[in-house]
Structure formats: structure tokens, C-alpha cells
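Student: First, the structure itself, so that you have it in front of you.
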Amino acid sequence: MNKKIFRFKNKNIKNPSSVKIVGLVGLAGSGKSEAVEYLKEKNYPHVYFGGVVLQALKDEGLELNSANEKLMRVKLRDDFGQDVIVNRIVKQIENLIEAGQKRIIADGVYSWTEYKILKKRFPRELKVIALVPPKNIRQKRIGSRAHRPYTLAEINDRDYNEIEKLDKGGPIAMADYFVVNDGPVLKTRRKLDKILKEIDF
Numbered sequence: 007m008n009k010k011i012f013r014f015k016n017k018n019i020k021n022p023s024s025v026k027i028v029g030l031v032g033l034a035g036s037g038k039s040e041a042v043e044y045l046k047e048k049n050y051p052h053v054y055f056g057g058v059v060l061q062a063l064k065d066e067g068l069e070l071n072s073a074n075e076k077l078m079r080v081k082l083r084d085d086f087g088q089d090v091i092v093n094r095i096v097k098q099i100e101n102l103i104e105a106g107q108k109r110i111i112a113d114g115v116y117s118w119t120e121y122k123i124l125k126k127r128f129p130r131e132l133k134v135i136a137l138v139p140p141k142n143i144r145q146k147r148i149g150s151r152a153h154r155p156y157t158l159a160e161i162n163d164r165d166y167n168e169i170e171k172l173d174k175g176g177p178i179a180m181a182d183y184f185v186v187n188d189g190p191v192l193k194t195r196r197k198l199d200k201i202l203k204e205i206d207f
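Here this note's numbering runs 6 ahead of the position in the sequence shown, where the first position is 1.
This is the structure:
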């Protein structure tokens, strides 16, 4: 990895000795991906939990699709342990910090185990923001997607899977800040900006 590409200096940083990491969490349809993209537009470096699996697929020369992602996720955990993904993310964050970064976005903190490992490694640096729109709004968003829209039954199944199998409920419940993402995009962005200002991000 060429560390030079990460040498971005944010003029808004008041205390250059202080590292801050923002983790974004939320169920499907919460608007988390849009929030991440908005923060990436601000030139903050970011780490992506799903990127660990995608990179493993590329390394093996396998096609990037949902079926292979699921298989690779299982293979990685069988080969390297249940915490393999978060451990690699921790290493990526450490590399960014060593390269001089002070503000980092963590996208895709899924499980309770991942949250605990991140919080233990970065107890003061990590702040978690949960995107929590009303359930009916999430369902409408997922059901009206141009690419592979879900039925109501599929949406409910996905929610149960994310909570029971992926353990996504814990990080959401323990979030430091909650953004009720139930309105226009600009409104949500203003809420995010307010939080970032509050934590001097």
C-alpha cells in the first residue's frame, strides 16, 4: 500500500495529536451507504469492512458476486478465525494513523464482536453514528430500489438475518449518536455535519 496517497491534511483539525474514528452503522435501507459517500466527498480516508472480503476474492481470482462473497466470508473465518475481518480493519486503521491521518471513517461495523474489538483497540478515538430511519421508510427504500428490489417478506427476512446472524443490533444500540434519517438528503447531511462539528472531526 502506498501510504503517500493517504497524506491528506484537513484544515479543520484543531488538535493534530488527536485521532478520531467515526464508525457508521445501520440496518439495510438506513441510508448508511449514502452517509459514507457524503463523508468520503469530504476527502476523509476510510476503511471498508466488506472490502476485506472483496480483496480476498480478487486475490483468489474469483468473480465478485454475492454468492462468492458469502462463501469467502465463511472461508476467511474458518481459516483465520471469527475476528479475521475486524483484525485486518484494525491494521488498516493503524496504517492510516502511521501515515499521518487523524480523521478516519469506518464503514461496515457489523457485529457485536467487531464493535467490541474496535472499541477495545480505540477506546477514546472511536465514535459510532447509527442511521435509524423508521421501519416503514427503510422498507419503502429497499422495495423501490432500481437494482434488485426486495419484497416485504424478503425485507423482514433480511432484517432478522442481520440482527440474529450478523449481530448488527449491538453496535446500533451502543452508538454514540443517532441520526433519524427520515427526510431529504440535505437534512440528513446537516445532522451529520452537526455531529462532526460537535466531536471536532
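Each residue gets a CB set at the ideal place from its N, CA and C atoms; glycine is no exception. Quantities reported herein were computed from a predicted structural model and do not represent experimental measurements.
Suppose the cutoff is 7 angstroms on Cβ atoms and the five residues either side in sequence are ignored; what does the same chain contact list for E131 look like?
Tutor: V25, K26 and I27, listed in sequence order.
Student: Looking at S36: is its Cβ nearer than 7 angstroms to the Cβ of L137?
Tutor: Closer than 7 angstroms, so yes.
Student: Could you spell out where the beta strand (DSSP E) holding I205 opens and where it closes?
Tutor: No beta strand (DSSP E) contains I205, which DSSP labels as neither H nor E.
Student: Nearest CA to the CA of A41: which residue from L30, P190 and S150?
Tutor: The shortest C-alpha separation from A41 is found at L30.
Student: By Cβ distance, which residues of its chain are closer than 6 angstroms to M78, with the 5 residues on each side in sequence left out?
Tutor: Closer than 6 angstroms at the Cβ level, and outside the excluded window around M78, lie V59, A62 and L63.
Student: Looking only at its chain, what residues have a beta carbon closer than 8 angstroms to the beta carbon of I161, apart from the 5 residues adjacent to it on each side?
Tutor: So the list reads A34, G35, R144, Q145, I148 and G149, once near-sequence residues are dropped.
Student: Leaving aside the five residues before and after R127 along the sequence, list all residues of the same chain whose C-beta is less than 6 angstroms from its C-beta, in chain order.
Tutor: Only V96 meet the Cβ criterion.
Student: Quick check on the DSSP output: what are the complete beta strand (DSSP E) runs of length 3 or more inside the segment 64-119, in order along the chain?
Tutor: Listed in chain order, they are 109-113.
Student: Could you check where the beta strand (DSSP E) with G29 kicks off and where it finishes?
Tutor: Counting along the chain, the beta strand (DSSP E) containing G29 begins and ends at K26 to V31.
Student: Would DSSP call L192 helix, strand or coil?
Tutor: Helix.
Student: Output needed for F207: all residues of its chain with C-beta closer than 7 angstroms, excluding positions within five of it in sequence on either side, in chain order.
Tutor: Closer than 7 angstroms at the Cβ level, and outside the excluded window around F207, lie K26, V28 and R109.
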